[in-house]
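Chemist: Below: one structure in structure tokens.
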Amino acid sequence: VDRGENFRQAASRELAEETGMHLTAGYSGWKIVGDFNVSDWRVRDTDRITYKTVLMVGEYAWGMAEAATDFVEVTWLSADALKKSGDILIVKEHRHLIANAINYLHINPPYFLSEMKGTQHA
Numbered sequence: 001v002d003r004g005e006n007f008r009q010a011a012s013r014e015l016a017e018e019t020g021m022h023l024t025a026g027y028s029g030w031k032i033v034g035d036f037n038v039s040d041w042r043v044r045d046t047d048r049i050t051y052k053t054v055l056m057v058g059e060y061a062w063g064m065a066e067a068a069t070d071f072v073e074v075t076w077l078s079a080d081a082l083k084k085s086g087d088i089l090i091v092k093e094h095r096h097l098i099a100n101a102i103n104y105l106h107i108n109p110p111y112f113l114s115e116m117k118g119t120q121h122a
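In the working numbering, the protein residues as written are 1 to 122.
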């Protein structure tokens, strides 16, 4: 988080910088799932150094998903695909974050999915 930013503003900036994507409602579109301690595998003494991660979800609006310098690849995956191959695709220190995001979205589906539940198709 840069000086003067709140978590949502930082998340919006980071998303745009690292993937080129933006949310529907800008930084106010983020919903906080929770906050978690995450060990950083890049630091030698990971038992004593942890980072606080604020996990958020948001609705995609626009922007081409392209990897910036921090990533090799950016791709869209369904929750089912993450559940099946998350152990391969996601570093172990972040797997609990993905599980929490999937659980949050199951309990709090995006508005367009929750509206579709009650819709009858002919």
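We treat Cβ as the ideally placed atom computed from N, Cα and C, and that holds for glycine.
Please read all numbers here as calculations on a predicted model, not as lab measurements.
In the DSSP assignment, find the alpha helix (DSSP H) that holds residue 87 and state where it starts and stops.
Modeler: Residues 79–89.
Chemist: Provide the residue(s) that pair with residue 76 in DSSP beta bridges, ordered along the chain.
Modeler: DSSP, once it has assigned bridges, lists no residue as partnering residue 76.
Chemist: Could you pull the DSSP bridge partners for residue 62 from this structure?
Modeler: Residue 62 pairs with 22.
Chemist: Just confirm the distance between the C-beta atoms of residue 59 and residue 97, as a whole number of angstroms; I'd bet it's less than 8 Å.
Modeler: Actually they do not touch by this definition, with Cβ atoms about 18 Å apart.
Chemist: Grab me the residues of residue 16's own chain with a C-beta within less than 8 Å of its C-beta, minus the 5 sequence neighbours each way, in chain order.
Modeler: Excluding positions up to five away in sequence, the list reads 22 and 63.
Chemist: When you compare only the Cα positions, how much space is there between residue 30 and residue 90?
Modeler: Cα to Cα, residue 30 sits roughly 22 Å from residue 90.
Chemist: Can you grab the Cα-Cα spacing for the pair residue 119 / residue 110, in whole Å?
Modeler: Low local confidence applies: a pLDDT of 46 at residue 119 is under 50, so the model's placement there is unreliable, and no value is given.
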